[in-house]
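Worksheet for the structure shown next.
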Amino acid sequence: MRAGARPASPASPLRPGRHGGSALRRGELLKPRGQRLLAVLRQARLQAIAFIALLLGLLLIAGGTAAVAQPKFPPLTGRVVDEVGLLAADSRRALERDLEALETKSTDQLVVYITRSLQGYPIEDFGYRLGRHWQIGQKDKNNGVLLIVAPNERKVRIEVGRGLEPQLTDILTKLIIENAILPAFRRNDFPGGIMAGVRDIRDVLLGDAEAVKERARSAKKRTTGGGNAMAVAVLVLFILIAVSVVWAQSMQTAHPGRAMRSRRDARRQGDSIIPSTWGSSSGGWSSGGSSDSGGGFSGGGGDFGGGGSSGSW
């Protein structure tokens, strides 16, 4: 070391040395930054755990509420359960006889349920739950069928037991609803629609699905033919109106005085005739009280898997 030169002092942790500071200084500068990062990560993890716990709690609460809020079903008092009195007594008895005869021939159980309300459920969910609740059909065959009519919600469904799904398929139940049931319901003929639906379901269960398909084809032809006939009728009426207008204008031009007298006479006749021909009519269906079929009937332990079809009018 030269004389008079100051000895080199070691690098201070508070002051950078010749090469930009010591390793100790860099470590101390990095240490608080790493701790802050770890603290942030730890806090984020705790928040994520709290959020997951809250979500699981909400799901458990929702599941418990759904389990409690089941639809309320009436007891199965017979093959026809009519909560709104939609069917007259003679129609209900005839329907009961048909359903009993079907079960005697095939062991399949078909129940008609006319409900006052679907209680806010989709009719598909409602029918599936009702089928399992009533256990229509035999336990070893699962051969039950439900025809559900909800006149207030204007919906209908055929719910098919697991064992009958290969036979009474979704396609066939849709054909029955669209071609046998709904046309009658749209005319407010509820007994007719129910009887037609039961007839078609019975035919399928007894092995005559072709009859159902043929009736569906015939109904479609009638609908198409009716539409064409209506179009032709409207066209003919339009032509007649146009010819009448042209003829009236030509008569007025040729005989103006006669046309004026004819209008006065027609006005006087209209004043005397029209009021006497007015009338009023009423239609639609009305319901009496609730009515059920006779006792002595119950489900046999059948199960349902959600098969079937629905419709509305």
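Residue numbering for the sequence shown follows the numbering used here, beginning at 20 and increasing consecutively. Glycine included, every Cβ here is placed at the ideal spot set by N, Cα and C.
A check of alpha carbon separations from Arg151 across Arg181, Asn171, Ser136, Val175 identifies Arg181 as the nearest. About 5 Å separates the beta carbon of Ser329 from that of Ile142, a gap short enough to meet the 8 Å contact definition. Here the stretch 61-73 makes no contact with the stretch 85-102; the two share fewer than three CB pairs at distances below 8 Å. Looking at the DSSP output, Ser329 sits in a beta bridge with Arg176.
If the five residues before and after Gly326 are omitted, its C-beta is found closer than 6 Å to the C-beta atoms of Val179, Glu184, all from its own chain and listed in chain order.
Under a 10 Å Cβ-count criterion, Phe70 is classified as exposed, with fewer than 16 other Cβ atoms of the shown protein chains found around its own Cβ. Cβ-Cβ distances below 8 Å link Lys91 to Gln138 in the same chain, with the five nearest sequence neighbours on each side left out; the list follows chain order.
Between the alpha carbons of Ser125 and Phe204 lies a distance of about 28 Å. Taking every protein chain shown into account, the CB of Arg221 has 16 or more other CB atoms within 10 angstroms, so this residue is buried. The DSSP-derived three-state label of Phe92 is coil. Straight across, the Cα-Cα distance linking Val217 with Ala72 is about 52 Å.
The stretch 197-238 is shown to contain whole alpha helix (DSSP H) runs of 4 or more residues at 201-205, 209-224, in chain order. Residue pairing for Leu106: DSSP places it in no beta bridge. A direct Cα-Cα distance of roughly 59 Å separates Gly320 from Val59. In this structure, DSSP gives Gly146 a helical state, which the three-state scheme calls helix. Ranked by Cα distance from Gln89, the options Ser136, Arg148, Gly212 are led by Arg148.
At the C-beta level, Pro210 and Ala107 come within 9 Å of one another.
In the three-state DSSP reduction, Ile155 falls in the coil class, being neither helix nor strand. Rounded to whole angstroms, Asn171 and Gly146 show a C-alpha spacing of 16 Å.
Counting only runs that start and end inside the stretch 111-135, there is no alpha helix (DSSP H) element of at least 4 residues. One thing to note: Ser331 has its Cβ within 9 Å of the Cβ of Arg173. For Asp159 against Leu224, the beta-carbon gap comes to about 17 Å, at or over 8 Å, which does not count as contact.
Comparing C-alpha distances from Ile196 to each of Gln186, Arg112, Gly212 shows the shortest one belongs to Gly212. When the beta-carbon positions are compared, Gly324 and Trp153 stay at least 9 Å from each other. According to the DSSP assignment, Asp101 belongs to the beta strand (DSSP E) that extends over 99-101. Contact check for Ala199 against Ala215 passes: the beta carbons are separated by less than 9 Å. A straight line joining the alpha-carbon of Arg116 with that of Lys240 spans about 32 Å. A direct Cα-Cα distance of roughly 11 Å separates Ala235 from Thr192. Shortest Cα-Cα distance from Val175 to any of Ser136, Ala228, Glu233 involves Ser136.
Per the C-alpha coordinates, the member of Leu187, Asn161, Leu114 positioned closest to Asp322 is Asn161.
Cβ-Cβ separation between Val164 and Leu129: approximately 5 Å, consistent with a contact (criterion under 8 Å).
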